[in-house]
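Q:
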Amino acid sequence: MRTLLVIAIGVFAGLMTSCDPEEESTQQQDLASLNELLLEIELLASSKDCSDAAEWDFTGIGNKVCGGYTGFIAYPKDIDTDLLFRKIEEHIEAQTIYNQKWGIASDCAITVEPTSVICQEGKAVLTY
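Set out below in structure tokens:
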């Protein structure tokens, strides 16, 4: 009877851990989700033409393993910046989890922060 109980507990524990969605995803699936979120951020940030650089700003995106941003992105000040920053924070958190889950390494170099945004042919361009 005791053996049966131990087996039942083992099976139950196995079922509970196999239902964990984090364990079910592959690295490729996790990376695809991360890239999809980044694309949403990029589309939102580039949803307007750049004609006046004073109407634009920039912010850091991504999360390096050693800390710091993976890059920077320009965005128009008159979009839904609350939504943009929520998506950026979601991406940072997701990238942190991805890096930890898959043991991702990083160069740990400090990403240079842009000095300004300029407009070129309707596109926002970061200057360094």
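The numbering used here numbers the first residue of the sequence shown as 1168 and each following residue consecutively.
Using N, Cα and C, we set each Cβ at its ideal position, and we do this for glycine too.
From a predicted model like this one, the values you see are computed outputs, not experimental measurements.
Given residue 1244, which residues of its chain have a CB within under 7 Å of its CB, disregarding the five upstream and five downstream residues?
A: Translated into positions along the sequence shown, residue 1244 becomes position 77. Within the same chain, residue 1244 has close Cβ partners 1222, 1223, 1224.
Q: Which word fits residue 1242, buried or exposed, when buried means at least 16 other C-beta atoms lie within 10 angstroms of its C-beta?
A: As a first step, residue 1242 is located in the sequence shown; it is residue number 75 there, counting from the start. Buried, since its Cβ has 16 or more Cβ neighbours within 10 Å.
Q: I'd like the list of long-range same chain contacts for residue 1181, defined as Cβ closer than 8 Å, with 5 residues on each side in sequence excluded.
A: Translated into positions along the sequence shown, residue 1181 becomes position 14. Bear in mind that the predicted position of residue 1181 carries a pLDDT of just 48, short of 50, making it too unreliable to give a figure here.
Q: Out of 1197, 1219, 1210, 1206, point me to the one whose CA is closest to residue 1289's CA.
A: By 1-based counting over the sequence shown, the position of residue 1289 is 122. Of the listed residues, the one whose Cα sits closest to residue 1289 is 1219.
Q: From residue 1170 to residue 1259, what does the alpha carbon distance come to, in whole angstroms?
A: To locate residue 1170, count along the sequence shown from 1; it is residue 3. To locate residue 1259, count along the sequence shown from 1; it is residue 92. Only weak support is given to the placement of residue 1170: the predicted model assigns it a pLDDT of 43, under 50, and the value that follows is read from those uncertain coordinates. Looking at the two C-alpha atoms, the distance is approximately 46 Å.
Q: Enumerate in chain order the residues of its own chain whose CB-to-CB distance from residue 1271 is below 8 Å, with the five nearest sequence positions on each side excluded.
A: Working through the sequence shown from its first residue, we reach residue 1271 at position 104. For residue 1271, where only same-chain residues beyond five positions count, the Cβ hits under 8 Å are 1232, 1265.
Q: Distance, Cα to Cα, residue 1207 vs residue 1283?
A: Counted from its first residue, the sequence shown places residue 1207 at position 40. Counted from its first residue, the sequence shown places residue 1283 at position 116. Going from the Cα of residue 1207 to the Cα of residue 1283 covers about 23 Å.
Q: Leaving out five residues before and five after residue 1240 in sequence, what residues of the same chain have Cβ atoms less than 6 Å from its Cβ?
A: Here residue 1240 is taken as the residue at index 73 of the sequence shown, counted from 1. Same-chain partners within the cutoff: 1212, 1228.
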